[in-house]
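Everything below concerns the one structure shown next.
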Amino acid sequence: MNEVQTDTTREQIHPRPDYGRVFLTFARNSLVRDMTFRSNFIIETISSLSWMFMNLGFYLLIFSYTNVIGVATGWTQYQFFVFFATVAIVNSLVQTFFMPNAQEFSEMIRTGNLDFALLKPIDTQFLISLQKVNWSGLGNTGFALLLLVFSLGKLYSEQAGFRIYPIQMILYPFYIVCGITILYSLMIALSATSVWLGRNQSLYNFWFYITNFSRYPMEIYGGPSGDARRWIGQSLKSFFSYCIPVLLAVNVPARLLAKPLDPNNLSLALYAVFGTVVSFSVSRMFFYRALRSYRSTGS
Amino acid sequence: MSQITWKDDRALLATLQGKIATWGTILRICIEERLVYRGDFALGTLMRFLPIVTQIFLWGSIFQNVAGKIAGYTYDNIIAYYLLTMVARAFSSMPGLASGIAGEIRDGSVKKYLIQPIDMIGFLLLNRVAHKLVYYGVAIGPFALVFFLCRSFFPSAPPMETIIAFSASLFMSFLLGFFLEAAIGLIGFWFLEVSSLLFVYMLFNFFFSGHMFPLDVLPYPWNYVFEAMPLQYLAYFPAAVWLGKIEGDQLISALWIEAAWILFFIVICRVAFRRGVRRYSGFGG
C-alpha cells in the first residue's frame with residue numbers, strides 16, 4: 001500500500017518515464033563499457049561458448065552410447081539438440097539481461113547503495129533488473145540459434161513427416177519469453193531475500209541448483225515401477241511444473257518444435273502461460289515486500 | 001621455507017613454540033569467523049547435492065537403452081562416481097581463493113602481509129584448513145544422509161589398501177587444489193583483472209577434473225589429454241580409486257605424480273609471490 005502512495009506522489013512530481021528509451025540507454029552504456037574492456041569481452045564470449053561446447057561434447061558422448069534418452073520418449077539426438085539449444089537460448093538471455101543485475105542487487109542491499117535506486121523516479125524493479133546488460137552472453141544465444149536451425153534441418157531431412165508450421169514459429173519465441181520470465185522471477189525473488197538475510201550467497205546459488213532441473217527433458221524424471229526413482233521423479237516433475245514452474249521454462253518451447261504432436265503439449269502450454277503470469281506477479285509482490293523491510297546501512 | 005619473504009626477521013628468532021602458538025591462534029580465529037555463517041554453510045552443502053538428483057535421473061534414462069555398461073561403468077557405478085567426486089570436491093575446491101588473492105593485490109590490502117611477520121600463503125593455507133574443518137563439521141550431516149540414501153549405488157567396501165590410497169588422494173587433492181588456485185590468484189601481481197581468466201580456469205576445472213562425467217568414458221585421444229593434466233586429481237582420481245578403476249602399480253605411480261604436481265605448484269607459488277612482491281607497488285594509506 002505504501003509504495004502505491006509513493007508512486008502516486010512520484011507521478012505528480014515527475015512525468016512517467018519512457019521505459020523503452022531508458023532501457024536503450026542502459027543497453028548502450030553497457031555496450032560502451034563492454035567495448036572499453038574489449039579483450040575481457042572477447043575472453044568472456046569465448047569462455048561461455050566453450051562452456052556450451054563442453055556440454056555439447058558431453059551429450060555427443062552420451063549419444064555415442066545410446067540413440068535415445070529414455071524409452072520411447074522421442075528424445076533422439078537431434079530432437080535433444082533442439083532441447084539443448086532451447087536451454088542455451090533461455091539461459092543465455094537470462095545471463096545477458098538479468099544475471100549481473102540480480103548479483104548487483106544483493107550487493108546494493110548489503111552496502112546500502114539501494115538508497116540511490118529507490119530515489120530515482122522510475123519503477124524500482126525495472127531499474128534494478130535491467131540496469132546492466134552483459135552483452136557477451138549473446139554469443140551463446142547466437143550459437144544456440146545456429147544449433148537450433150541445424151538440428152531442425154536434420155530432423156526435417158531425416159525424419160519422415162517432420163514439419164514446421166508458422167504457428168510453431170510464432171509460439172516458440174513467445175514461450176521463450178515465458179521461460180525467461182519464470183527464471184527471472186525466481187532469481188529476483190531469491191536475491192530480494194538478502195534484505196532479511198544480509199548475506200545470501202547460498203540462496204543465490206539456489207537459483208542455479210533449482211534451474212538445473214529445467215535443463216533436461218521432463219520425461220527423465222521417472223523410473224522403473226517399484227523403484228523409488230519413480231515416485232521421487234513424479235513428485236519432482238509435478239513440483240517443478242506446477243509449484244515452481246522452472247521445468248516448463250524450457251520444456252514447453254522445446255517440445256513445441258521437437259515433439260509438436262505430443263498429447264501433453266496443450267495442457268502444458270496453457271499452464272505455462274498461467275505459471276508465467278503467477279510467477280511474475282508473486283515475485284513482484286515479494287520484491288516490493290522486501291523493499292519495505294529494507295533499512296539502509298546508515299552510512 | 002616461508003622465511004624467505006619475511007621482511008621482519010624478528011619472527012625468525014621466535015621459538016618453534018611461539019610460531020605454533022601464532023598459527024594456532026590464526027587457525028582458531030579463522031574457525032570462529034567461519035562459524036558465523038554456519039547456517040549458510042549447511043544450506044549450501046545440502047543444495048550442492050541437488051545436481052546429483054538430476055544426474056541420477058538423466059543416467060537412469062540413458063541406461064534404459066544401454067544393456068550393461070558404458071566404458072566399464074554400470075548405472076550404479078556412474079552414480080557412485082558422481083557422489084564420490086562430491087567428496088573429492090569437498091577437499092579440492094577452493095571457492096574464492098584465487099579471486100581473493102587477486103582482489104587483495106588489486107585493492108592493496110596485500111600490504112598487510114608485507115609489513116607483518118606473517119607469510120601470506122601460509123596464512124591463507126591455515127585459513128583454508130579452518131574453512132574446510134568447519135565445512136566438514138557442518139557438512140558431515142548432509143553427506144552422511146545422502147550417502148545413506150544412496151548406499152545401494154555403491155559396491156561393497158573396497159580393501160584396506162584402496163581406502164588408504166583414497167584417503168591419501170583426498171588429502172593431496174586438498175593441497176593440490178590450494179596451491180593450484182593460489183598460483184592462479186598470484187597472477188594478479190601481473191594482470192590486475194583476472195576474473196575472466198578465473199572463469200576459464202573454472203570451466204576447464206569442471207570438465208577436466210571429471211566433475212561432469214568420468215574421464216575414462218572419453219574416446220582415445222582425449223583420455224591422454226586429461227591424463228597429462230593435474231586437474232584430474234581434483235575429482236576424477238579419488239573417485240576412480242575408490243571404485244577400483246586404478247589399482248596396483250598404476251595407483252602408486254599416479255599418487256607420486258600427484259605429489260610431484262603439488263610440489264610443482266608450491267614452487268610456483270613461492271616464486272610468483274617473491275617476484276610479484278618485487279613488482280608490487282602500494283600507494284597511500
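For the protein sequence lines, the chains are A and B, in the order given. So in this note's numbering the end of the first sequence lands on 299, straight run, no missing numbers. So in this note's numbering the end of the second sequence lands on 285, straight run, no missing numbers. We put the CB at the ideal spot given by N, CA and C, even for glycine. Just so we're clear, the structure is a prediction, and the values are computed from it rather than from any experiment.
Any Cβ of chain A within less than 8 Å of the Cβ of residue i?
i	result
B/S2	At B/S2 the pLDDT is 45, less than 50, meaning the model places this residue with poor confidence and gives no usable figure here.
B/Q116	no
B/F179	no
B/P142	no
B/F199	yes
B/L170	no
B/R120	Here residue 120 of chain B turns out to be Met, not Arg, going by the sequence shown. No, because no Cβ of chain A sits closer than 8 Å to the Cβ of B/M120.
B/S209	no
B/M212	yes
B/G44	yes
B/S196	yes
B/E33	no
B/E227	no
B/V138	no
Shorter than 8 Å from the beta carbon of residue i to some beta carbon of chain B?
i	result
A/V133	no
A/V71	yes
A/A249	no
A/R163	no
A/R229	yes
A/F143	no
A/F206	yes
A/F213	yes
A/Y288	no
A/I220	yes
A/Y172	no
A/M1	Low confidence applies here, because A/M1 scores a pLDDT of 46, under 50, leaving its location unreliable and the question unanswered by this model.
A/Y216	yes
A/G344	As shown, chain A starts at 1 and ends at 299. That puts residue 344 of chain A outside it, with no answer to give.
A/G226	no
A/G179	no
A/G233	yes
A/G275	no
A/G223	yes
For residue i versus residue j, is the C-beta spacing smaller than 8 Å?
i	j	result
A/F280	A/T181	yes
B/G179	B/F265	Inspection of the sequence shows that residue 179 of chain B is occupied by Phe rather than by Gly. Yes, the Cβ-Cβ distance between B/F179 and B/F265 is below 8 Å.
A/V149	A/T96	no
A/W171	A/V94	The question names Trp, but residue 171 of chain A in the sequence shown is Leu. Not a contact, by the Cβ cut-off of 8 Å.
A/I122	A/L186	no
B/I246	B/A254	yes
B/I118	B/G185	no
A/A258	A/V90	no
B/L126	B/I26	yes
A/D34	A/S136	yes
A/F80	A/I69	yes
B/M86	B/R128	no
A/Y65	B/I70	yes
A/P217	A/T86	no
A/S92	A/T141	yes
B/M229	B/G177	no
B/F63	B/Y81	no
B/P238	B/A88	yes
B/L203	A/S47	yes
Which partner residues does residue i have in the DSSP bridge list?
i	result
A/T76	A/V68
B/Y73	B/I70
Am I right that residue i and residue j are in contact with their C-beta atoms under 8 Å? What's the rounded C-beta distance?
i	j	result
A/D115	A/S296	5 Å
A/M52	A/A88	6 Å
A/N40	B/S196	5 Å
B/A240	B/H211	Actually they are not in contact, since the Cβ atoms of B/A240 and B/H211 sit about 13 Å apart, beyond 8 Å.
A/G233	B/F57	6 Å
A/S194	A/R284	With a Cβ gap of about 17 Å, A/S194 and A/R284 do not count as contacting.
A/Y221	A/L236	5 Å
A/Y19	A/F98	Between A/F98 and A/Y19 the Cβ distance is about 16 Å, and since that is not below 8 Å, they are no contact.
Problem set entry | Contact residues within the stretch 74 to 100 of chain A, judged by C-beta distance below 8 Å to chain B | none
Exercise. In chain order, what residues of the stretch 232 to 260 of chain B put their CB closer than 7 Å to some CB of chain A?
Worked result: none
Exercise. Which of the residues in the stretch 47 to 64 of chain B, read from start to end, lie with their CB under 8 Å from any CB of chain A?
Worked result: Residues of the stretch 47 to 64 of chain B with a C-beta less than 8 Å from any C-beta of chain A: M47, R48, L50, P51, V53, T54, I56, F57, L58, G60, S61, I62 and Q64, listed in chain order.
Problem set entry | Against chain B: residues of the stretch 46 to 68 of chain A by CB proximity under 7 Å | S47, S50, W51, M54, F58, L61, I62, Y65, T66 and V68
Exercise. Listed from N- to C-terminal order along the chain, which residues in the stretch 239 to 263 of chain A have their beta-carbon within a distance smaller than 7 Å of any beta-carbon of chain B?
Worked result: none
Exercise. For the stretch 33 to 44 of chain A, which residues have a CB atom closer than 7 Å to at least one CB atom of chain B, in sequence order?
Worked result: N40, I43 and E44
For this session: Pull out every residue of the stretch 67 to 79 of chain B whose Cβ sits closer than 9 Å to any Cβ of chain A, in chain order.
Result: I70 and A71
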